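Only one structure is covered here, and it is reproduced in the block below.
Residue numbers (the numbering used here), protein chains in the order written: chain A, 1 to 754; chain B, 755 to 835; chain C, 836 to 995.
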């Protein structure tokens, strides 16, 4: 049956309320089971040996002493993970990142792993592995890596996207370009131009739960993997591909997940755990330490961005351009390209050009971090916009409104926009009481807008109506922040039954069809669509069952308010049948009642946001305090408003940490100096005020309830909003993220000196 | 008949053209014909491509119909976090 | 290294265990006693996910040796509810959506309980600084603070 995903306006009964989440009690009592909370009988403990060098050729690895240590059951190196990638470059990058094959490419790169009867033995075994490294020169800075004298990470990489094709290898792996119009002509027309360069340092998603899994390979070729992940189906595919397992024979169960934000959409050590288990013939538990998480999972890019914007006296932008250099780690990917796509996405521009350059550096392999690549680009562009507004003498919000993208605008990354919410969020920001609140000494106010795509993808749900009329909803998107509550609301809404009668669970890979990951703000968006479809299918079944029970033709039965009704007058005054009543008779009307849905949720919209913040800076110490913060974002339709607010607040908090304090610090030796929460400083409770949120609802025309994905956008504006606020507070333009106390003091003293 | 705009990374694989004319009524037909005409596009189409039809982005639904004179673009598939 | 025998009280129960001298209380709770509610987020006392109460004080159990539990009174998240009656903090955390992924929640609840046990009417600032040793990456702390305020009011017997 085809499913109509078009938006239909309606009055909601369940959607939009704030009931308690079904997994709440387990999580407040410590009963919920996360990645490290699972054990299998006979399991071994794994530990990974990691390169202490930023760049080194691995000449040899001798594992004999480690393998013969009492209590060690398996030792693996790249030799135990044959290359089955068949020319797929991105899969090969994953393989090499899981276990270095020829070169260690960063401090922390895995080179060997052991499985032993306990952690003590495993750690002792690591010390017995002899690795002969030939240390090579390294480069860790995104700009230094582009210089001709920089050490080349990979002699087979020649910059793609450049004509004519270069003949010398480079650390710039790819050049991409977007835009339309004629920027030279546009800049020539401008009355005012702002041109500036910006830098942002590398940050980590900072989830509190380290990566953890238990892997079990059986001699018959089947395998089980318990793992904290954002995408158990994707992990199943990747692990099968890398280990040569049949997909149907690997059963992946996702534990509850203690944060992901994109960092758990990729495998890091799971294939290694499976390889160890296969070799040892026993289950293997592998938990990364916090230092390993920082050194060897997937932080985001460090960037270096040049922006130029020109406008007329009236504020109309005549041309905008940006060149974005993003670090990728050791393997080429598309991070700068994403930044180039999103840079000017908020604006309706006649002439725009963005160029993205992917830069290889001796740092861990970059992974997605909540609206990947967008926050840095937005920082640069929104900072320049702020300066432009000041130069023209125009209000910062008014400048945005003047140039804002609307339905029908051509986006800077190509397609024309449908209905979007950026205009309304700007208008709401202008009208918000925060904008007119008084500021005190040493305080500055900044605002910025941001945007992120969201997408649909492959989604399945099973909706089973139990004999007592309650509903079991099995979904395949991992619940990272409360989506089981939202999906239960959706099922309740569509079926017309109370929320309390729906129980949502996340299935494993053996018990449900393929589901794409929980990323791209798609969890609630796409699974709600599949849930509505499954519910409608179940309603069809129940309609026919009611017809049987009444012994009337099915065409004469319609569904309304959670009940089957007999249409017309000729069937007498039959009382409507509830789900419960129909379910009670299911055994005699055809068996269990269910609705399924396998669909591709496509045509997802985009979600725009505007943030306002007030920062107070102490000019003597350079320390800054967030005094007030407001998030205004379009959710299309907020299914469970408390969890939508939670996404807004959480994304803002991550952005605040990124803007003010978080960065990867490398030494001259190319080693990460701060792989821990003491010196990698994320926001703590006393750093932040209450974070005010305003949810706008401009329905997404491609979702039955108008839902838009919201999880990521909120991390996009904070870097710029804070940079704009601090710049006002100290009177100096801040161009280097994080805007930590030393940088503020340096900017203040430079300014005094000049 | 639709005019398909290719994102910059694909153009070298399609004889450096930015816009290509293709006779196609669905996304599936469009992608098949593009891959037939330019074999270099086959791999990107398999793993990296999304199709924007009049501004709405489709990643997976290749049965989606292409209205006559629709604005069609091939853009990069975007990862999320 | 040979094991040390430890006798202690955990959530009002008498408990005995053997542990290695260098084993942490967190390791003992999770690996020997099946009490997995306390989480390891960092192993270095920076994140508070392993928070437990020892003789009335909040401690990071990853910084306490298992042997140090000898003769002490330990409270973990598993002991916070009384049977099926949740502690007001637990109830308020759910009501206020003060958790998203929930991994930090046991640590926050323990720390918040320790706060309210000694200061039943804390200001927002006092709450924020008391909880500064517990990291949350999902919520931005807003709803956590509101949940603690609301639980404190209920425990003081104030109307909702």
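Cβ atoms here follow ideal geometry from the backbone N, Cα and C, with glycine treated the same way. Note that the coordinates shown come from a computational prediction; the quantities given were computed from them, not determined experimentally.
Locate the beta strand (DSSP E) running through residue i, then write down its first and last residues.
i                      : result
residue 74 of chain A  : 72 to 76
residue 47 of chain A  : 44 to 50
residue 268 of chain A : Segment: none, residue 268 of chain A is in no beta strand (DSSP E) and carries neither H nor E.
residue 326 of chain A : 317 to 329
residue 253 of chain A : 250 to 254
residue 126 of chain A : Careful: residue 126 of chain A lies outside any beta strand (DSSP E), inside the alpha helix (DSSP H) at 119 to 127.
On the three-state DSSP scale, how would you describe residue i?
i                      : result
residue 479 of chain A : coil
residue 694 of chain A : strand
residue 769 of chain B : coil
residue 621 of chain A : coil
residue 759 of chain B : strand
residue 1 of chain A   : Low confidence applies here, because residue 1 of chain A scores a pLDDT of 43, under 50, leaving its location unreliable; read the following figure in that light. Residue 1 of chain A: coil per DSSP, three-state reduction.
residue 550 of chain A : helix
residue 852 of chain C : strand
residue 643 of chain A : helix
residue 633 of chain A : strand
residue 796 of chain B : helix
residue 113 of chain A : strand
residue 563 of chain A : strand
residue 160 of chain A : strand
residue 543 of chain A : helix
residue 813 of chain B : coil
For residue i, tell me which candidate among the options has the shortest Cα-Cα distance.
i                      : options                    : result
residue 197 of chain A : A/225, A/309, A/574        : A/309
residue 391 of chain A : A/314, A/507, A/658        : A/314
residue 400 of chain A : A/354, A/449, A/361, A/419 : A/449
residue 360 of chain A : A/665, A/130, A/566, A/156 : A/156
residue 540 of chain A : A/562, A/57, A/661         : A/562
residue 608 of chain A : A/120, A/716, A/262, A/330 : A/716
residue 290 of chain A : C/881, C/976, C/856        : C/881
residue 184 of chain A : A/351, A/381, A/393        : A/351
residue 967 of chain C : A/404, A/370, A/683        : A/683
residue 349 of chain A : A/741, A/444, A/181        : A/181
residue 371 of chain A : A/91, A/455, A/113, A/505  : A/455
Are the C-beta of residue i and some C-beta of chain A separated by less than 8 Å?
i                      : result
residue 980 of chain C : yes
residue 944 of chain C : yes
residue 889 of chain C : no
residue 809 of chain B : yes
residue 864 of chain C : no
residue 940 of chain C : yes
residue 967 of chain C : yes
residue 763 of chain B : yes
residue 977 of chain C : yes
Per DSSP, which residues does residue i bridge with? Please list them.
i                      : result
residue 448 of chain A : A/611
residue 735 of chain A : According to DSSP, which records beta bridges pairwise, residue 735 of chain A is partnered with nothing at all.
residue 876 of chain C : In the DSSP output, where bridge partners are listed per residue, residue 876 of chain C has none listed.
residue 347 of chain A : A/404
Name the two residues that bound the continuous alpha helix (DSSP H) containing residue i.
i                      : result
residue 458 of chain A : Not the alpha helix (DSSP H): residue 458 of chain A falls in the beta strand (DSSP E), residues 457 to 465.
residue 290 of chain A : 290 to 296
residue 724 of chain A : 718 to 730
Who are the neighbours of residue i on chain F, taking C-beta pairs under 9 Å?
i                      : result
residue 338 of chain A : Going by chain labels, chain F is absent from the structure shown, which instead holds the protein chains A, B and C.
For chain B, find out if any of its Cβ atoms is closer than 8 Å to the Cβ of residue i; answer yes or no.
i                      : result
residue 699 of chain A : no
residue 1 of chain A   : With a pLDDT of 43 at residue 1 of chain A, under the threshold of 50, the predicted position of this residue should be treated as unreliable, and no value is reported.
residue 478 of chain A : no
residue 97 of chain A  : no
residue 537 of chain A : no
residue 415 of chain A : yes
residue 644 of chain A : no
residue 702 of chain A : yes
Please report whether the beta-carbon of residue i lies at a distance below 8 Å from any beta-carbon of chain C.
i                      : result
residue 29 of chain A  : yes
residue 208 of chain A : yes
residue 117 of chain A : no
residue 613 of chain A : no
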